[in-house]
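Student:
There are 2 protein chains.
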Amino acid sequence: MIISAEQSMALYKQIEELVDWLASFGRNESNGVTRSLYSKDWQLAQRAVEKRMKEIGLHAYYDDAGNLFGRLPGRQGHDSAILTGSHIDTVVNGGKYDGAYGIIAGLIAVQYLKEHYGLPKKNIEVVSLCEEEGSRFPMTYWGSGSITGMKSLEKAQHLADAEGIRFVEAMQQAGFGQGKYPDPKRNDIDCFIELHIEQGEVLEREGKSIGVVSHIVGQRRYTVTVAGESNHAGTTPMGWRKDAMHAAAELIQLLMQQAKETAPDLVATVGQIHLEPNAANVIPGKAVFSIDIRHSDECVLFQFCEEIFKQFAAVASRHGTRLHIDKWMDEKPVKMCKGLTEISESILKREQIPFKKMTSGAGHDSQVFDQFCPASLLFVPSHKGISHSPYEFTRTEDLEKGIQLLIKILYQLAYEDGGNEQ
Amino acid sequence: MIISAEQSMALYKQIEELVDWLASFGRNESNGVTRSLYSKDWQLAQRAVEKRMKEIGLHAYYDDAGNLFGRLPGRQGHDSAILTGSHIDTVVNGGKYDGAYGIIAGLIAVQYLKEHYGLPKKNIEVVSLCEEEGSRFPMTYWGSGSITGMKSLEKAQHLADAEGIRFVEAMQQAGFGQGKYPDPKRNDIDCFIELHIEQGEVLEREGKSIGVVSHIVGQRRYTVTVAGESNHAGTTPMGWRKDAMHAAAELIQLLMQQAKETAPDLVATVGQIHLEPNAANVIPGKAVFSIDIRHSDECVLFQFCEEIFKQFAAVASRHGTRLHIDKWMDEKPVKMCKGLTEISESILKREQIPFKKMTSGAGHDSQVFDQFCPASLLFVPSHKGISHSPYEFTRTEDLEKGIQLLIKILYQLAYEDGGNEQ
Numbered sequence: 222m223i224i225s226a227e228q229s230m231a232l233y234k235q236i237e238e239l240v241d242w243l244a245s246f247g248r249n250e251s252n253g254v255t256r257s258l259y260s261k262d263w264q265l266a267q268r269a270v271e272k273r274m275k276e277i278g279l280h281a282y283y284d285d286a287g288n289l290f291g292r293l294p295g296r297q298g299h300d301s302a303i304l305t306g307s308h309i310d311t312v313v314n315g316g317k318y319d320g321a322y323g324i325i326a327g328l329i330a331v332q333y334l335k336e337h338y339g340l341p342k343k344n345i346e347v348v349s350l351c352e353e354e355g356s357r358f359p360m361t362y363w364g365s366g367s368i369t370g371m372k373s374l375e376k377a378q379h380l381a382d383a384e385g386i387r388f389v390e391a392m393q394q395a396g397f398g399q400g401k402y403p404d405p406k407r408n409d410i411d412c413f414i415e416l417h418i419e420q421g422e423v424l425e426r427e428g429k430s431i432g433v434v435s436h437i438v439g440q441r442r443y444t445v446t447v448a449g450e451s452n453h454a455g456t457t458p459m460g461w462r463k464d465a466m467h468a469a470a471e472l473i474q475l476l477m478q479q480a481k482e483t484a485p486d487l488v489a490t491v492g493q494i495h496l497e498p499n500a501a502n503v504i505p506g507k508a509v510f511s512i513d514i515r516h517s518d519e520c521v522l523f524q525f526c527e528e529i530f531k532q533f534a535a536v537a538s539r540h541g542t543r544l545h546i547d548k549w550m551d552e553k554p555v556k557m558c559k560g561l562t563e564i565s566e567s568i569l570k571r572e573q574i575p576f577k578k579m580t581s582g583a584g585h586d587s588q589v590f591d592q593f594c595p596a597s598l599l600f601v602p603s604h605k606g607i608s609h610s611p612y613e614f615t616r617t618e619d620l621e622k623g624i625q626l627l628i629k630i631l632y633q634l635a636y637e638d639g640g641n642e643q
Numbered sequence: 222m223i224i225s226a227e228q229s230m231a232l233y234k235q236i237e238e239l240v241d242w243l244a245s246f247g248r249n250e251s252n253g254v255t256r257s258l259y260s261k262d263w264q265l266a267q268r269a270v271e272k273r274m275k276e277i278g279l280h281a282y283y284d285d286a287g288n289l290f291g292r293l294p295g296r297q298g299h300d301s302a303i304l305t306g307s308h309i310d311t312v313v314n315g316g317k318y319d320g321a322y323g324i325i326a327g328l329i330a331v332q333y334l335k336e337h338y339g340l341p342k343k344n345i346e347v348v349s350l351c352e353e354e355g356s357r358f359p360m361t362y363w364g365s366g367s368i369t370g371m372k373s374l375e376k377a378q379h380l381a382d383a384e385g386i387r388f389v390e391a392m393q394q395a396g397f398g399q400g401k402y403p404d405p406k407r408n409d410i411d412c413f414i415e416l417h418i419e420q421g422e423v424l425e426r427e428g429k430s431i432g433v434v435s436h437i438v439g440q441r442r443y444t445v446t447v448a449g450e451s452n453h454a455g456t457t458p459m460g461w462r463k464d465a466m467h468a469a470a471e472l473i474q475l476l477m478q479q480a481k482e483t484a485p486d487l488v489a490t491v492g493q494i495h496l497e498p499n500a501a502n503v504i505p506g507k508a509v510f511s512i513d514i515r516h517s518d519e520c521v522l523f524q525f526c527e528e529i530f531k532q533f534a535a536v537a538s539r540h541g542t543r544l545h546i547d548k549w550m551d552e553k554p555v556k557m558c559k560g561l562t563e564i565s566e567s568i569l570k571r572e573q574i575p576f577k578k579m580t581s582g583a584g585h586d587s588q589v590f591d592q593f594c595p596a597s598l599l600f601v602p603s604h605k606g607i608s609h610s611p612y613e614f615t616r617t618e619d620l621e622k623g624i625q626l627l628i629k630i631l632y633q634l635a636y637e638d639g640g641n642e643q
């Protein structure tokens with residue numbers, strides 16, 4: 222299939238329009254977007270996407286978790302569907318592309334295919350997943366997790382948001398969780414294809430248009446507590462101190478050094494630190510900091526953590542401090558479907574579009590689907606890697622390259638393949 | 222002069238009683254004491270001390286800053302006075318000894334001398350200084366500073382406390398700053414003698430009863446801002462990061478190492494740190510931390526700071542971060558009056574009381590007086606060095622050793638000396 226220059230121009234215009242349209246739901250004065258799960262703005266956005274789905278001739282429907290689907294029915298009458306999309310929720314004061322791009326891409330691709338090639342052989346569904354970020358309630362991947370059966374309302378219902386509103390209450394206020402819509406768990410999904418902004422700087426720096434994700438990293442998160450002895454900053458000689466900040470500085474320094482030396486793709490971040498009592502003239506008695514460690518190989522993650530925490534114990538003890546390490550997240554690395562990545566690669570090679578086979582350092586809905594059905598994750602560049610910010614930006618020409626790729630993948634999967642089944 | 226076992230017993234009882242009595246003003250449920258400058262509890266405490274002064278036959282009077290004096294008039298009719306005391310204000314949820322001990326010591330010593338030896342040759346005044354801690358308004362040594370003329374209402378009046386109450390407003394509500402009382406500036410002080418708890422662990426660890434302070438350290442305080450680049454913790458390779466926390470950890474580590482190696486008495490503390498945006502999954506774009514550096518030799522302080530900040534610049538630049546260093550406190554070291562410390566030393570040697578000539582790592586009113594008149598600072602042990610806490614504790618026998626020393630110093634200065642002037 223060939224997309225003409227004229228058709229490309231039309232796609233470009235349509236992308237610009239839809240990005241602005243979807244960003245208008247939850248937009249604030251600083252041009253950031255906030256669509257917290259089940260909030261008013263979230264509801265308005267889902268209703269708008271539903272309306273758009275109907276306008277382009279899709280059969281739109283919700284499940285009882287609040288996921289929204291738009292089905293382009295296949296001519297073969299099969300039940301199963303090829304799914305594409307991403308999440309509608311955002312972080313607080315986020316950008317216009319994270320999540321939204323995957324939904325817009327699905328809408329535009331399916332509309333294009335329908336207008337130019339009529340109905341496919343296989344069903345295609347565009348999905349606007351209800352939740353991925355974990356920004357309102359302390360749980361991520363509620364949308365993809367409820368479709369794949371990995372998350373259940375039973376566990377989620379008791380969660381509360383920062384204002385104390387219970388999950389089930391928020392859900393019911395938005396009209397879900399009452400059995401009005403079908404159960405979210407699906408058994409009829411052929412595969413899942415997600416377009417997303419990279420949220421990193423690799424593609425832009427390397428001058429690539431598309432990232433074909435081979436792995437999504439595993440993530441471990443820890444809270445490290447160093448307990449020393451709070452004391453007067455003037456009257457306690459250096460040699461007598463059990464300074465929690467001093468110990469923490471050495472631990473962080475060691476972590477960073479080791480992370481750099483252990484494996485090229487390993488990343489370690491200390492994003493939060495808190496001292497007690499946190500006064501300029503008092504030696505800190507306690508330092509609490511976060512560690513986020515990611516790599517695509519579970520074995521590398523395991524070995525690194527084993528080794529670094531052994532060294533941590535030695536450093537803490539040398540400072541006369543006690544160490545407590547609490548692991549509160551352990552997500553395994555995920556290998557994306559080889560068959561699907563190969564389809565993308567062959568299209569990109571044929572079209573001579575510069576791409577990079579890469580690892581995703583961020584988590585995405587694709588990793589949840591990947592444990593359930595073949596799944597593929599495709600990136601477009603993020604300007605300067607900025608994300609979760611009103612400054613998140615991807616050029617429309619880059620967004621379009623991703624959508625053209627999606628059109629071609631869906632064409633191959635839903636229009637060309639399975640011809641022998643007709 | 223000899224203090225008999227019976228007299229000592231009476232002193233012991235009196236100390237126990239007065240410590241509890243003064244701690245009752247501003248005491249909270251957790252047994253901490255809060256007497257913020259000009260607050261209700263501060264006023265009640267000053268009124269109670271005033272009453273006590275009158276009961277023991279002193280001439281009690283305030284100055285217009287709120288300092289309270291109790292004069293035992295000398296027989297020689299001189300105008301000038303030997304001053305002893307400390308500050309009545311406390312930090313929030315502080316202990317019962319910091320400041321209070323010096324006032325109680327003065328009251329008990331003068332009462333003892335008056336009862337056993339009648340009126341002195343020279344005037345003695347016990348002072349309850351209105352403010353030292355800087356806990357309510359961002360200014361320390363208001364009491365001693367207003368007496369010595371180093372602080373003026375003109376500069377202080379515009380300060381505001383955490384609730385936005387202006388200094389002059391708080392002052393007037395407490396009845397001061399309106400010209401009702403004499404101007405605080407004095408020109409008639411012979412010398413100042415302050416008893417205080419050590420607020421450190423040196424005396425207790427070394428088994429000494431009294432610390433004779435030869436120097437009070439100089440203090441410099443800085444706020445260091447490290448500006449890097451905030452980025453996604455998963456999608457930004459280690460080599461591309463401008464991680465403000467990583468840079469800060471190396472700077473803190475370097476500071477501590479150098480402080481230990483530079484001079485035995487040098488102390489450096491990082492008591493506060495704050496990251497932005499302070500999220501577990503975001504590389505910090507900014508780290509702001511405090512530095513407190515103290516030493517008794519201005520030259521050592523100067524050289525250390527020059528050297529360390531040169532090294533800081535190199536480290537920050539290696540991390541690709543920008544560094545801003547703001548010095549917001551620079552108190553010079555103070556050498557206490559040699560003549561007065563020698564009087565203490567000779568008494569302590571004669572009485573065979575174990576003492577230590579030492580540096581004070583904390584600031585005290587004595588350092589303000591020392592720039593104005595001969596001043597002496599004497600310590601008693603602090604259990605475990607704990608201070609600014611409800612757990613602040615000094616054994617009554619240790620408090621008594623200090624008060625016996627004060628009685629003997631005052632006797633020598635006000636009763637024995639100057640006999641030829643009669």
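These protein sequence lines map, in sequence, to chains A and B. Okay, so the first sequence: first residue is 222 according to our numbering, each after it adds one. Okay, so the second sequence: first residue is 222 according to our numbering, each after it adds one. A virtual CB, placed ideally from N, CA and C, is assigned to each residue, including glycine.
Out of A:TYR636, A:ARG462, A:ARG268, A:ALA302, point me to the one whose CA is closest to ASN288 of chain A's CA.
Tutor: The shortest Cα separation from ASN288 of chain A among A:TYR636, A:ARG462, A:ARG268, A:ALA302 belongs to A:ARG268.
Student: Kindly list the residues whose CB is nearer than 7 Å to the CB of GLN493 of chain B, restricted to its own chain and excluding five residues on each side of it in sequence; keep chain order.
Tutor: These residues qualify, in order along the chain: PHE510, SER511.
Student: Using C-beta distances below 8 Å, list every residue in its chain close to LEU243 of chain A, excluding the 5 sequence neighbours before and after it, in chain order.
Tutor: If we look at LEU243 of chain A and ignore the five residues flanking it on each side, its Cβ neighbours are ALA266, ALA269, VAL270, LYS317, ALA321, ILE324, ILE325.
Student: Thinking C-beta only, is LEU424 of chain B closer than 8 Å to MET466 of chain B?
Tutor: For MET466 of chain B and LEU424 of chain B, no; Cβs fall outside 8 Å.
Student: Mapping the DSSP letters down to three states, classify ASN641 of chain B as helix, strand or coil.
Tutor: Because ASN641 of chain B carries a pLDDT of 38, less than 50, the predicted location of this residue cannot be relied on, and no value is offered for it.
Student: Give the residues from the region 304 to 322 of chain B that approach chain A closer than 8 Å (Cβ to any Cβ), ordered along the chain.
Tutor: Correct list: empty, as no residue qualifies.
Student: Let me know if ARG179 of chain A comes out buried or exposed under the rule of 16 or more other beta-carbons within 10 Å of its beta-carbon.
Tutor: Residue numbering for chain A in the displayed model covers 222 to 643; residue 179 of chain A lies beyond these limits and cannot be assessed.
Student: Which residues does DSSP list as the beta-bridge partners of HIS467 of chain B?
Tutor: Beta-bridge pairing links HIS467 of chain B to no other residue.
Student: Scan the region 526 to 610 of chain A and note each continuous beta strand (DSSP E) run of 3 residues or more that stays entirely inside, going in chain order.
Tutor: Whole beta strand (DSSP E) segments, 3+ residues: 543 to 552, 576 to 581, 596 to 601.
Student: Using only CA atoms, which one of A:LYS343, A:ARG357, A:THR490, A:TYR338 lies nearest to HIS299 of chain A?
Tutor: Of A:LYS343, A:ARG357, A:THR490, A:TYR338, the residue nearest in Cα terms is A:LYS343.
Student: Interface residues of chain A around ARG515 of chain B at Cβ under 8 Å?
Tutor: Ordered by position in chain A, the residues that pass the 8 Å Cβ test against ARG515 of chain B are ALA454, GLY455.
Student: Does HIS453 of chain A pass the burial test, meaning 16 or more other C-beta atoms within 10 Å, or should it be called exposed?
Tutor: Buried: at least 16 other Cβ atoms inside 10 Å.
Student: For GLU450 of chain B, I'd like the list of residues in its chain whose CB is within less than 6 Å of its CB, leaving aside the five on either flank, ordered along the chain.
Tutor: Correct list, in chain order: LYS463, GLY506.
Student: Can you find a CB in chain D that lies within less than 8 Å of the CB of TRP363 of chain B?
Tutor: Going by chain labels, chain D is absent from the structure shown, which instead holds the protein chains A and B.
Student: Please identify, using Cβ separations under 7 Å, the residues of the region 499 to 515 of chain B that lie next to chain A, in order along the chain.
Tutor: Residues ASN499, ALA500, ALA501, ASN502, VAL503, ILE504, PRO505, SER511, ASP513, ARG515.
Student: Evaluate ARG515 of chain B with the Cβ neighbour count: other Cβ atoms within 10 Å of its Cβ, from every protein chain shown; 16 or more gives buried, anything less gives exposed.
Tutor: With 16 or more other Cβ atoms within 10 Å, it is buried.
Student: Between the region 353 to 370 of chain A and the region 572 to 589 of chain A, do at least 3 Cβ pairs fall closer than 8 Å?
Tutor: Because the criterion of three Cβ pairs below 8 Å is met, the region 353 to 370 of chain A and the region 572 to 589 of chain A touch.
Student: Could you give the residue range of the beta strand (DSSP E) that holds TYR318 of chain A?
Tutor: Segment: none, TYR318 of chain A is in no beta strand (DSSP E) and carries neither H nor E.
Student: For VAL503 of chain A, tell me which candidate among B:GLN592, B:ILE607, B:GLU352 has the shortest Cα-Cα distance.
Tutor: That would be B:ILE607, whose Cα lies nearest to the Cα of VAL503 of chain A.
Student: Run through chain B and tell me which residues come within less than 7 Å of GLY355 of chain A, C-beta to C-beta.
Tutor: Per Cβ cutoff of 7 Å: no residues; GLY355 of chain A is ~10 Å from chain B at best.
Student: Would you mind sorting HIS545 of chain B into buried or exposed? The rule is 16 or more other CB atoms within 10 Å of its CB.
Tutor: HIS545 of chain B should be labelled exposed.
Student: With the cut-off set at 8 Å, would you say VAL389 of chain A and SER356 of chain A are in Cβ contact?
Tutor: No, the pair does not count as a contact, with Cβ atoms beyond the cut-off.
Student: Does the beta-carbon of GLN378 of chain A have 16 or more other beta-carbons within 10 angstroms, so that it is buried, or is it exposed?
Tutor: With fewer than 16 Cβ atoms within 10 Å of its Cβ, GLN378 of chain A is classed as exposed.
Student: Within the same chain, show all residues whose beta-carbon is closer than 6 Å to that of THR446 of chain A, passing over the 5 residues directly before and after it, in chain order.
Tutor: The answer, listed in chain order, is VAL509, HIS545.
Student: Can you tell me where the beta strand (DSSP E) holding VAL347 of chain B begins and where it ends?
Tutor: Its beta strand (DSSP E) spans residues 344 to 350.
Student: List the endpoints of the continuous alpha helix (DSSP H) containing LEU380 of chain A.
Tutor: That residue, LEU380 of chain A, is in no alpha helix (DSSP H); it is neither H nor E in DSSP.
Student: Quick test of the definition: if touching needs 3 or more C-beta pairs under 8 Å, does the region 399 to 408 of chain A touch the region 612 to 624 of chain A?
Tutor: The region 399 to 408 of chain A vs the region 612 to 624 of chain A: no contact.
Student: Using a cut-off of 9 Å between C-beta atoms, extract the partners of ARG442 of chain B located in chain A.
Tutor: Going along chain A in sequence order, the residues near ARG442 of chain B (Cβ under 9 Å) are ALA501, ASN502.
Student: Would the region 466 to 477 of chain B and the region 526 to 538 of chain B be scored as touching if the rule is three or more Cβ pairs under 8 Å?
Tutor: Yes: the two stretches touch, three or more of their Cβ pairs being nearer than 8 Å.
Student: Is there contact here, the region 404 to 421 of chain B with the region 548 to 555 of chain B, by at least three beta-carbon pairs under 8 Å?
Tutor: Output reads no: the region 548 to 555 of chain B does not touch the region 404 to 421 of chain B.
Student: In whole angstroms, what separates the C-alpha of PHE246 of chain A from that of ILE574 of chain A?
Tutor: Straight-line Cα distance between these residues: approximately 33 Å.
Student: Give the DSSP-derived three-state secondary structure of ARG616 of chain B in the structure shown.
Tutor: ARG616 of chain B: coil per DSSP, three-state reduction.
Student: Which residue wins for smallest C-alpha separation from ARG273 of chain B, given the options B:ARG292, B:SER301, B:LEU569, B:GLY398?
Tutor: Of the listed residues, the one whose Cα sits closest to ARG273 of chain B is B:ARG292.
Student: Does the region 334 to 341 of chain B come close enough to the region 630 to 638 of chain B to have 3 or more Cβ pairs within less than 8 Å?
Tutor: Counting Cβ pairs under 8 Å, three or more are found: they touch.
Student: Check this for me: beta carbons of THR542 of chain B and ALA489 of chain B, under 8 Å apart or not?
Tutor: Against a cut-off of 8 Å, the Cβ pair of ALA489 of chain B and THR542 of chain B comes out as no contact.
Student: Whole-angstrom Cβ separation of ASP382 of chain A and PHE397 of chain A, contact assumed at under 8 Å?
Tutor: The Cβ separation is near 16 Å, so there is no contact.
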